[in-house]
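K.L.:
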Ligand SMILES: NC(=O)c1ccc[n+]([C@@H]2O[C@H](COP(=O)([O-])OP(=O)(O)OC[C@H]3O[C@@H](n4cnc5c(N)ncnc54)[C@H](O)[C@@H]3O)[C@@H](O)[C@H]2O)c1
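In this note's numbering, the protein residues as written are 131 to 489.
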């Protein structure tokens with residue numbers, strides 16, 4: 131891949147601003163174009179960011195200057211846009227989840243292999259100092275052999291603040307497919323791949339009310355489970371209990387705790403790049419806050435794309451398609467396990483991504 135890589139963004143909705151705020155910090159990728167099925171959104175991005183040209187999706191895909199497509203569309207469009215980008219000979223880095231289903235995600239990975247282009251996928255929060263410092267603590271043996279983890283994501287759902295929350299409540303959405311990628315990518319980073327899952331889930335309300343923006347007050351249908359719990363059995367034998375809910379007002383539980391034979395770790399919010407890691411060893415009276423010891427300092431959405439651009443040819447990027455596929459299979463299987471009331475084996479395996487030294 132040539133340096134710097136030229137990036138074309140497809141999907142200029144709510145999250146595009148976070149990526150555009152990161153690009154000035156990145157050195158091996160730069161944005162040259164933006165597209166959206168709603169042309170006005172791409173034009174608004176171009177107007178605000180000199181050097182970025184607005185164009186149609188077809189024009190962006192046909193542009194030889196674009197090396198990588200940054201896919202910030204809604205989950206139901208992730209696979210379709212990724213496949214079009216790959217077909218045009220471009221690498222693709224997309225928002226999570228990799229696709230709405232593992233069937234679509236498999237097609238994306240197979241097409242990328244055949245075309246010899248790369249696939250990367252959010253979340254890249256796991257490359258920040260919060261999760262990476264926790265990982266180093268575990269790898270350095272500070273809690274002894276890891277035995278279990280608990281992951282809690284409890285909110286009333288995104289409709290109070292997101293102006294177009296429809297995608298959160300259809301295939302590819304729900305608390306698990308929306309927020310699960312942060313938590314499960316973190317758990318795989320900390321404890322390794324998952325071998326099987328059990329789960330239970332509920333679907334509490336048929337519709338939700340949009341709380342902000344031009345559509346405020348409009349009711350939208352809900353076709354996903356909105357409260358999902360389960361246990362991930364890691365290949366190592368460690369057990370992670372997860373609680374992902376759009377049916378809770380709030381929570382004071384830690385986002386993630388990891389318990390080992392000689393210590394417990396409080397891991398910061400995996401939807402953030404930073405945050406304190408706290409350790410209590412067996413016999414200690416107090417928790418101690420660990421010094422930041424690993425990860426990209428001051429990182430933000432888009433660091434995974436730069437990390438992919440800096441990954442040597444033939445190597446899997448840290449925020450890569452294989453990890454994202456495994457995480458998607460875990461989530462899909464959890465919902466299957468909940469529906470069928472039985473354990474489901476996970477077929478895919480991925481390595482823990484290489485750790486990030488303190489950079
Ligand atoms: N909103 C957030 O806070 C947030 C945070 C992290 C990740 N994400 C992820 O980012 C992605 C986008 O979320 P969002 O909140 O920006 O959604 P959004 O609905 O605000 O924006 C999505 C944009 O994609 C465009 N789009 C949809 N289908 C398209 C297609 N086929 N071709 C071209 N453009 C298309 C839409 O017109 C829209 O402008 C999702 O995968 C979401 O999970 C969102």
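Positions of the beta carbon are idealized from the N, C-alpha and C atoms, including for glycine.
Quick caveat, the model's predicted, so the values are computed rather than measured.
Can you tell which of 455, 166, 345 has the C-alpha that lies nearest to the C-alpha of residue 204?
P.N.:
Stepping through the chain shown from its first residue, residue 204 is reached at position 74. Looking at the Cα atoms, 166 is the closest of the given residues.
K.L.:
For the candidate residues 157, 155, 146, whose alpha-carbon lies nearest to that of residue 163?
P.N.:
Indexing the chain shown from 1 puts residue 163 at position 33. The candidate whose alpha carbon is nearest that of residue 163 is 146.
K.L.:
Specify the secondary structure class of residue 283 as computed by DSSP and reduced to three states.
P.N.:
The residue labelled residue 283 in the question sits at position 153 within the chain shown. Strand, per DSSP.
K.L.:
What are the complete alpha helix (DSSP H) segments, minimum 4 residues, inside the stretch 386-431?
P.N.:
Segments of the alpha helix (DSSP H) lying fully in the stretch 386-431: there are none.
K.L.:
On a Cα-Cα basis, can you pick out the residue from 288, 262, 321, 355 that is closest to residue 402?
P.N.:
Working through the chain shown from its first residue, we reach residue 402 at position 272. Per the Cα distances, 262.
K.L.:
Spatial neighbours of residue 389 within its chain, please: CB distance less than 6 Å, with the 5 preceding and 5 following residues excluded, ordered by chain position.
P.N.:
As a working note, residue 389 is residue 259 in the chain shown. Here the set comprises 277, 278.
K.L.:
Confirm, please, whether the CB-CB distance from residue 322 to residue 368 is below 9 Å.
P.N.:
Here residue 368 refers to the residue found at position 238 of the chain shown. Here residue 322 refers to the residue found at position 192 of the chain shown. Yes. Within cutoff.
K.L.:
Which same chain residues end up closer than 8 Å to residue 134 when comparing Cβ atoms and leaving out the 5 residues on each side of it in sequence?
P.N.:
In the chain shown, counting from the first residue as 1, residue 134 sits at position 4. So the list reads 157, 158, 159, 160, 439, once near-sequence residues are dropped.
K.L.:
What I want to know is whether the C-beta of residue 141 ends up closer than 8 Å to one or more non-hydrogen atoms of ligand 1.
P.N.:
If you number the chain shown from 1, residue 141 lands on position 11. Yes.
K.L.:
Here's the rule I'm using: 16 or more other beta-carbon atoms within 10 Å means buried, otherwise exposed. How should residue 127 be labelled?
P.N.:
No statement about residue 127 is possible, as the shown extent of the chain runs from 131 to 489 and does not include it.
K.L.:
For residue 377 versus residue 337, is the C-beta distance shorter than 9 Å?
P.N.:
Here residue 377 refers to the residue found at position 247 of the chain shown. Here residue 337 refers to the residue found at position 207 of the chain shown. No, the Cβ-Cβ distance between residue 377 and residue 337 is not below 9 Å.
K.L.:
With DSSP as the reference, label residue 469 as helix, strand or coil.
P.N.:
In the chain shown, counting from the first residue as 1, residue 469 sits at position 339. Here residue 469 sits in helix by DSSP.
K.L.:
Whole angstroms is fine: what's the gap from residue 375's alpha carbon to residue 241's?
P.N.:
Within the chain shown, the letter at position 245 stands for residue 375. Within the chain shown, the letter at position 111 stands for residue 241. Approximately 34 Å between the Cα atoms of the pair.
K.L.:
So does the stretch 409-425 actually touch the stretch 468-482, counting three or more Cβ pairs closer than 8 Å?
P.N.:
With a cut-off of 8 Å, the stretch 468-482 and the stretch 409-425 do not count as touching, because too few Cβ pairs lie within range.
K.L.:
By DSSP, does residue 374 sit in helix, in strand, or in coil?
P.N.:
Numbered from its first residue, the chain shown carries residue 374 at position 244. It is a strand residue.
K.L.:
Among residues of its own chain, excluding the 5 on either side of residue 308, which ones have a beta-carbon nearer than 6 Å to its beta-carbon?
P.N.:
Counted from its first residue, the chain shown places residue 308 at position 178. Cβ within range, chain order: 298.
K.L.:
Evaluate residue 132 with the Cβ neighbour count: other Cβ atoms within 10 Å of its Cβ, from every protein chain shown; 16 or more gives buried, anything less gives exposed.
P.N.:
As a working note, residue 132 is residue 2 in the chain shown. Residue confidence is low: residue 132 scores 49 on pLDDT, short of 50, so the model does not pin down where it sits. Its coordinate-derived value is still stated next. Looking at its Cβ environment, which holds fewer than 16 other Cβ atoms inside 10 Å, residue 132 is exposed.
K.L.:
Count the CB pairs spanning the stretch 224-239 and the stretch 192-208 that are closer than 8 Å, and state whether there are at least three.
P.N.:
Contact between the stretch 224-239 and the stretch 192-208 is present, because at least three Cβ pairs lie under 8 Å.
K.L.:
Check for me: the alpha helix (DSSP H) holding residue 178 runs from which residue to which?
P.N.:
Within the chain shown, the letter at position 48 stands for residue 178. That run of the alpha helix (DSSP H) goes 169-178.
K.L.:
At a cut-off of 8 Å, would you count residue 314 as near ligand 1, judging by its Cβ distance to the nearest heavy atom?
P.N.:
Within the chain shown, the letter at position 184 stands for residue 314. Every heavy atom of ligand 1 is 8 Å or more from the Cβ of residue 314, so no.
K.L.:
Helix, strand or coil for residue 456? Go by DSSP, reduced to three states.
P.N.:
Here residue 456 refers to the residue found at position 326 of the chain shown. Here residue 456 sits in helix by DSSP.
K.L.:
On the three-state DSSP scale, how would you describe residue 295?
P.N.:
Within the chain shown, residue 295 is the residue found at index 165, counting from 1. Helix.
K.L.:
Would the beta-carbon of residue 292 be found less than 8 Å away from any heavy atom of ligand 1?
P.N.:
In the chain shown, the residue the question calls residue 292 occupies position 162. Indeed, a heavy atom of ligand 1 lies less than 8 Å from the Cβ.
K.L.:
Any idea which residues DSSP pairs residue 364 with across the strands?
P.N.:
Translated into positions along the chain shown, residue 364 becomes position 234. Looking at the DSSP assignment, residue 364 forms a beta bridge with 324.
K.L.:
Helix or strand or just coil, what does DSSP make of residue 331?
P.N.:
For the purposes of this step, residue 331 is taken as residue 201 along the chain shown, with counting starting at 1. Correct three-state label for residue 331: strand.
K.L.:
How far does the beta strand (DSSP E) with residue 338 in it extend, from its first residue to its last?
P.N.:
Sequence index remark: in the chain shown, residue 338 carries index 208 (1-based). From DSSP, the beta strand (DSSP E) with residue 338 extends over 337-339.
K.L.:
Using CA coordinates, which residue listed in 249, 221, 210 is at the minimum distance from residue 234?
P.N.:
Along the chain shown, one-based indexing puts residue 234 at 104. Residue 210 is the option with its Cα nearest to residue 234.
K.L.:
I need the straight-line Cα distance from residue 477 to residue 180, nearest angstrom please.
P.N.:
Translated into the one-based positions of the chain shown, residue 477 becomes position 347. Translated into the one-based positions of the chain shown, residue 180 becomes position 50. If you take the alpha carbons of residue 477 and residue 180, they lie about 46 Å apart.
K.L.:
What's the call for residue 220, buried or exposed, on a 16-neighbour Cβ count within 10 Å?
P.N.:
On the chain shown, position 90 is the one that residue 220 refers to. Answer is buried; the Cβ neighbour count reaches 16.
K.L.:
Is it true that the CB of residue 272 sits closer than 9 Å to the CB of residue 393?
P.N.:
Taking the chain shown and counting its residues from 1, one reaches residue 393 at position 263. Taking the chain shown and counting its residues from 1, one reaches residue 272 at position 142. In contact: residue 393 and residue 272 (Cβ atoms closer than 9 Å).
K.L.:
Decide yes or no for the touch test of the stretch 251-262 against the stretch 311-321: beta carbon pairs closer than 8 Å, at least 3 of them.
P.N.:
The stretch 251-262 is in contact with the stretch 311-321.
K.L.:
Which runs of the beta strand (DSSP E) at least 3 residues long sit entirely within the stretch 235-259? Give them in chain order.
P.N.:
You should have 249-251.
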